[in-house]
Ligand code: FES
Ligand code: FES
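Protein chains in written order, with my numbering: chain W, 4 to 159; chain E, 120 to 903.
Right, dumping it as structure tokens:
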């Protein structure tokens, strides 16, 4: 069926069955390959995007459920100051190894900082527990979230 | 960001492929076996296996020279300077998170006197004749190519200097290249690299002996700590392209149903319901290949569709009957019993020194223990995926592969093409850890595009496919026996290591570890023990065995470092002091005197086992961790140290064991000596990652088989460490070393000490000895 999606502040028409997971619509139909496939079961977070500002796992989100809602993918993460601060902190600390999980990590981190501008370690644990990094970049992710929070605070 | 182009840009310091180094292939004792595709009748690919079992003949070549393709250090192959003043460095080793694209580019840029912001990286396709060895494993990219890449950069710099001198008509001794310009001393004139590009490309390439390298104190990038990553900006913006991200015009998306049991074959299938799934285009059978498995596709039924989701749904709708073959009864629990039996009787002796058996027989008291490591899956975050198409008889593959040439040989053989008709483009790898050394998934894509008349096909593995059809880290059962002398130090040591060999993936019936496998941390123990006997039982493999980051070092390190801790406690001595006493005074041991003929393929003169360096990392880790400090109830410190891939690593883990066996790791101290660090920040990153992967091995990793089938499927039943469980504080302590010291490996050697350090810490905290990995719920009954 024909659907209209609002992705990264643009309206996009797409042809897909309503029960198709958003992940495959983004990746296969729209060429937005920043969201990654890691498990297909909501277990790893590699496919995370924002829907109405909240992190969702696109591998288990039917595209029909997000029609008309505002979707932000990693490709649009740099459009807002929190996204830019997180990306900058990631680079400053050399967080990525293979980088495959990092789009999902960044989207989860951005959502955390939007809801909780000054996260504690416990907040970070809770917000990031759903994102697996097999390369083991967790210590730097934690440090980078704190750094982004600080930069954002100082910019306020 | 990096533009791939088949043609050399005008004005580049680059000529057509005229100077690829001749590469001699000798039987290599490298742990990675060499696949040589050769076409035989009926389209079968023959395999020439070269492994640790092959007796060495003729002059031994070490390091990269001993690897297929050897070393190429021609600047025309690796460097292009463009009139716009940018510099392209071609990186021939795949990037899987170790940072090699950044690190090679830094090395070349430094010697070239290029400015980092002007540097671009291009990934080389598979072509070992042109680029030298590309098989990226064994922690040896930088170890083998640091010097060649320095020569590449320095030679290109000299060509730029010659071009400038010729342009100005002055002697070359009067010019100097610095910061992307060549300067003339006398006149102060200068030309940018971009301005010199065309002329420099025509200058003769200096002889290797004439290449002037920098002195280490002149380095601008090498050895300097910086978080710069050549692909960093693309990664954080979601622009970096991995194998699974490949998209071609008109491409079909494939998902494959494979036999659940290794060696199984398709008996019958019904595609009707699959074909009725909207978006499904075709169902194609992939032929299976008789065992041994090699890197051939496993065979099965592929569903090709307009998108990945339709292909997944289509596969669910397939009705398939399999003929399961000889491995259908494999049961890993029963196999554990077989392994136990195997280590309890005499086996093939691989090192025998003094009379260990006699001393053990006579001894009043023996200390003995058995340690178990299960099968492990790699579970790289990017599952296997590959894309292929055929245009005018030429097959192109895009794939995240560690062994580009091996992939090219595989596709060449499978499709019955000439090598020159196969191009393998190497994408970024979303993690690999050894899994992507064997590119069966790329073979699938090649077979499918051929079946579709050349239409581009991308094969995507689901996580379930990945977990169930891996080349697994081998299960291992390690038995150790010792007799302690009056000081508690062992006077006799017996170690039997029962583990299926990776060779069995290449050669039907191969049994027990080969010399490269027991060469990983078992045979080369450098302890001062007068009577040592090491034995390898011949145990079979019933599944595909592969290489997992640090490979057999995991089981050996776990067993030996746990056992030493047990011996120390049995002797009533401090484990740190005990291990240092066991290692003894500093000495540089020729590995051959330890019956280690392999030595990771490196020269025994250049890379002796230096017990002083081992001693030093242990002391450093212990000191930094505050070894001996008093800890509260349920807390403990554990120590372990290993030597692997020419590097020395020691870890001290602090653990807190709470009620119900809840594990908390407030701090890990790792001391590491890999010789000089070319890119210190990436070395640290690898050690942090190895620590976390090592903790997954220690706490969670386990693949089991029943009825020949893998019982796990996804991250729900094959859990890996997550952020909240990650140590809060991982401190990496690098041992300083000058650039005269040969480089050690980095990607793998941080992993082996982690699991034993954790179980030793658990013992210190609870008095419970964990001899079986993973830890899982073994401490569930613990009350804090
Ligand atoms: S792919 Fe969606 S959570 Fe793993
Ligand atoms: S950086 Fe490789 S999986 Fe996270």
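Beta carbons: idealized from backbone N, C-alpha and C, even for Gly.
Just so we're clear, the structure is a prediction, and the values are computed from it rather than from any experiment.
For residue 849/E, the chain W residues whose Cβ falls inside 8 Å of its Cβ are 142, in order along the chain. In the three-state reduction of the DSSP assignment, residue 545/E falls in the strand class. Rounded to the nearest whole angstrom, the CA to CA distance from residue 880/E to residue 869/E is 17 Å. For the segment 745 to 807 of chain E, not one full-length alpha helix (DSSP H) segment reaches 4 residues or more. Taking 7 Å as the cut-off, the C-beta of residue 100/W counts as close to a heavy atom of ligand 2. The three-state secondary structure of residue 489/E, taken from DSSP, is strand.
From the beta-carbon of residue 833/E, the residues of chain W found nearer than 7 Å are 42, 44 and 46. Just so you know, the alpha carbons of residue 518/E and residue 615/E end up roughly 39 Å apart. Within chain E, no C-beta atom comes less than 7 Å from the C-beta of residue 88/W; the nearest is roughly 11 Å away. No Cβ of chain E is located within less than 8 Å of the beta carbon of residue 50/W. The straight-line gap separating the alpha-carbon atoms of residue 424/E and residue 565/E is approximately 16 Å. Using a cutoff of 7 Å, the CB of residue 60/W counts as near ligand 1, since one of the ligand's heavy atoms is closer than that.
For residue 286/E, the enclosing alpha helix (DSSP H) starts and ends at 260 to 287. In this structure, the C-beta of residue 145/W stays at least 7 Å away from each heavy atom of ligand 2.
The C-alpha of residue 550/E lies about 43 Å from the C-alpha of residue 690/E. The segment 399 to 407 of chain E makes contact with the segment 423 to 442 of chain E, as at least three CB pairs between them are under 8 Å. For residue 352/E, the neighbours in chain W by C-beta distance under 9 Å run, in chain order, 90 and 94. Three or more beta-carbon pairs separated by less than 8 Å link the segment 246 to 253 of chain E to the segment 183 to 190 of chain E, which places the two stretches in contact. In the three-state reduction of the DSSP assignment, residue 698/E falls in the helix class, which pools H, G and I. By the C-beta density criterion, residue 297/E is exposed, having fewer than 16 other C-beta atoms within 10 angstroms. Against residue 109/W, the close residues of chain E are 355, in the order they occur along the chain (beta-carbon pairs closer than 7 Å). Closer than 8 Å to the CB of residue 137/W there is at least one CB belonging to chain E. What residue 348/E touches in chain W, judged by beta-carbon distance under 8 Å, is 94, 97 and 99, going in chain order.
Cβ atoms of residue 448/E and residue 826/E come within 8 Å of each other, at about 7 Å. Along the segment 504 to 519 of chain E, the positions whose C-beta sits under 9 Å from a C-beta of chain W are 504, read in chain order. Counting the other CB atoms within 10 Å of its CB gives residue 118/W a total below 16, which places it among the exposed residues.
With 16 or more other Cβ atoms from the protein chains shown falling within 10 Å of its own Cβ, residue 221/E counts as buried.
Rounded to whole angstroms, the Cβ separation of residue 601/E and residue 758/E is 18 Å, and the two are not in contact under 8 Å. In this structure, residue 498/E has its CB at a distance of at least 7 Å from all heavy atoms of ligand 1. Residues of chain E with a Cβ closer than 7 Å to the Cβ of residue 105/W are, in chain order, 354 and 355. At a cut-off of 8 Å between C-beta atoms, residue 568/E does not count as an interface residue with respect to chain W. The DSSP assignment places complete beta strand (DSSP E) segments of no fewer than 3 residues inside the segment 553 to 626 of chain E at 576 to 579, 595 to 603 and 609 to 617, in order along the chain.
Residues of the same chain with a CB within less than 7 Å of the CB of residue 721/E, apart from the 5 flanking positions on each side, are 181, 182 and 765 in chain order. When rounded, the separation of the alpha-carbon atoms in residue 443/E and residue 417/E is 12 Å. Rounded to whole angstroms, the separation of the alpha carbons of residue 785/E and residue 773/E is 6 Å. Going by DSSP, residue 678/E is part of the alpha helix (DSSP H) stretching over 672 to 689.
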